[in-house]
């Protein structure tokens, strides 16, 4: 069936398209997009009321699927991390995730395979076999592959398949036992802190190995100014590196831990105000390539514990867009830059064919009002868990409809 979405601000970071017009789909394929796109023959016409229509968001770092919540946030593709009940470190596990996605999920789910067996940082996993089965990248998730010899072999092996290695950027020795950023807040609260240097040190070591091997390397969840500067230096030197951060690092600093607020406990930790500002600048100038939710549902039972025992993590699918739009509304970042980090750039890094509105592409897209005011209410989130540090926060920007595989799979009144 042919459908037309008219009166939309079409924004496609892959082509630079930014104009008022229509997008026409035939089945699950985009037929045309632009001011001159013909809507003749469309069985259904949807007036978008001037809202932004852009490629569906590709979330490069999620620890659970939560499809309904993802679609409510405009996310049409989830990249599932390997730290599941059974670690995704072999081709059978990858195939199981992919088959489950194809058979029963409206949102597309691609797994990242573990970089090492059991994510133990010692023996390299069979990344070639996992890639053939559908794994899109390889990581030990919240553990850095800190042994330089293991990391070198991993990068050399990955280069044979042009596979993307994703490293958690935190030196485990410097961060040993840490549950907060090393600074005034942690000292006053009596919390073990991790210095920002732990991030920069791990990046610098692995950048050297990426340069040595010529492999592609992505650093997950930058949290510090030092980390941004290390990536900036590496890119200037021509090393094949990329990186991500998450909205909570753009929106909060370690002051959020006051009162031992466990719902603001994340990994890596929230850092200083200087770090927060540097992350926004890094995303705005392209040093930071992608924005991820780091969606990690946790029950109240494991969050409402003494700070040292409480589990880290936040839910992020439904709040990612609104939180990320805050720097846009403040004039710190262009909207197109943000959309590139949410869609086109993840697709490029992972070798996916989505992340664009080009004719012939799969019809995965989001329609949102960047100025729509609303208030985050934890209990109203569609996620199975409600662990957000943003409960009651007023925000701007909300998804109106999400289209996946040519079907309207989420819509808001």
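In our numbering, the protein residues as written are 880 to 1292.
Ideal Cβ positions, reconstructed from N, Cα and C, are used throughout, including at glycine.
Keep in mind it's a predicted model, so treat the numbers as computed, not measured.
Other residues of its chain near residue i: CB distance less than 6 Å, five sequence neighbours each side excluded
i            : result
residue 1035 : 1092
residue 977  : 1013
residue 974  : 1012
residue 905  : 881
residue 1008 : 970
Beta-carbon proximity check, residue i vs residue j, cutoff 7 Å
i            : j            : result
residue 1182 : residue 1142 : yes
residue 948  : residue 1196 : yes
residue 1031 : residue 1003 : no
residue 1120 : residue 1113 : yes
residue 986  : residue 950  : yes
residue 922  : residue 900  : no
residue 892  : residue 1244 : no
residue 1126 : residue 1203 : yes
residue 1132 : residue 1151 : yes
residue 1255 : residue 1269 : yes
residue 1191 : residue 1156 : no
residue 1207 : residue 1218 : no
residue 885  : residue 926  : yes
residue 1159 : residue 1129 : yes
residue 1148 : residue 1060 : yes
residue 1054 : residue 1077 : yes
residue 1264 : residue 909  : no
residue 1234 : residue 958  : no
Cβ-based burial, residue i [other Cβ within 10 Å; buried from 16]
i            : result
residue 946  : buried
residue 1073 : buried
residue 1273 : exposed
residue 882  : buried
residue 919  : exposed
residue 1281 : buried
residue 1023 : buried
residue 1266 : buried
residue 1039 : exposed
residue 1172 : buried
residue 1062 : buried
residue 1179 : exposed
residue 1086 : buried
residue 1066 : exposed
residue 997  : exposed
residue 1232 : exposed
residue 992  : buried
8 Å contact criterion, which residue i and residue j should meet: CB distance rounded
i            : j            : result
residue 1037 : residue 1006 : 6 Å
residue 1161 : residue 1107 : 4 Å
residue 940  : residue 888  : Not confirmed; about 28 Å, so no contact.
residue 1170 : residue 1124 : 7 Å
residue 1154 : residue 1075 : 6 Å
Backbone CA spacing between residue i and residue j [nearest angstrom]
i            : j            : result
residue 1212 : residue 971  : 42 Å
residue 895  : residue 1258 : 38 Å
residue 903  : residue 1223 : 20 Å
residue 1095 : residue 1116 : 14 Å
residue 1058 : residue 917  : 56 Å
residue 1080 : residue 1050 : 7 Å
residue 967  : residue 1010 : 12 Å
residue 961  : residue 994  : 9 Å
residue 1220 : residue 1188 : 34 Å
residue 1045 : residue 1122 : 9 Å
residue 999  : residue 1025 : 10 Å
residue 1252 : residue 1209 : 15 Å
residue 964  : residue 942  : 11 Å
residue 1291 : residue 990  : 29 Å
residue 1288 : residue 955  : 10 Å
residue 1249 : residue 1271 : 19 Å
residue 897  : residue 980  : 32 Å
residue 1286 : residue 880  : 10 Å
residue 1174 : residue 1090 : 31 Å
residue 1018 : residue 1097 : 9 Å
residue 1084 : residue 1136 : 30 Å
residue 1134 : residue 1064 : 7 Å
residue 1205 : residue 1111 : 23 Å
Cutoff 8 Å; reference residue i; Cβ partners in own chain excluding five residues on either side
i            : result
residue 1165 : 1216
residue 1001 : 995, 1026 and 1029
residue 1229 : 937, 939, 958, 989, 1015, 1016 and 1043
residue 1227 : 1234
Own chain partners of residue i with C-beta closer than 7 Å, once the 5 adjacent residues on each side are dropped
i            : result
residue 1262 : 945, 948, 1176, 1194, 1196 and 1197
residue 1247 : 930, 931, 953, 1200, 1276, 1277, 1278 and 1279
residue 1236 : 889, 891, 896, 902, 909, 912, 934 and 1244
residue 1088 : 1027, 1030, 1031 and 1034
residue 907  : 1241, 1242, 1284 and 1285
residue 1020 : 960, 961, 962, 998 and 1047
residue 1056 : 1071
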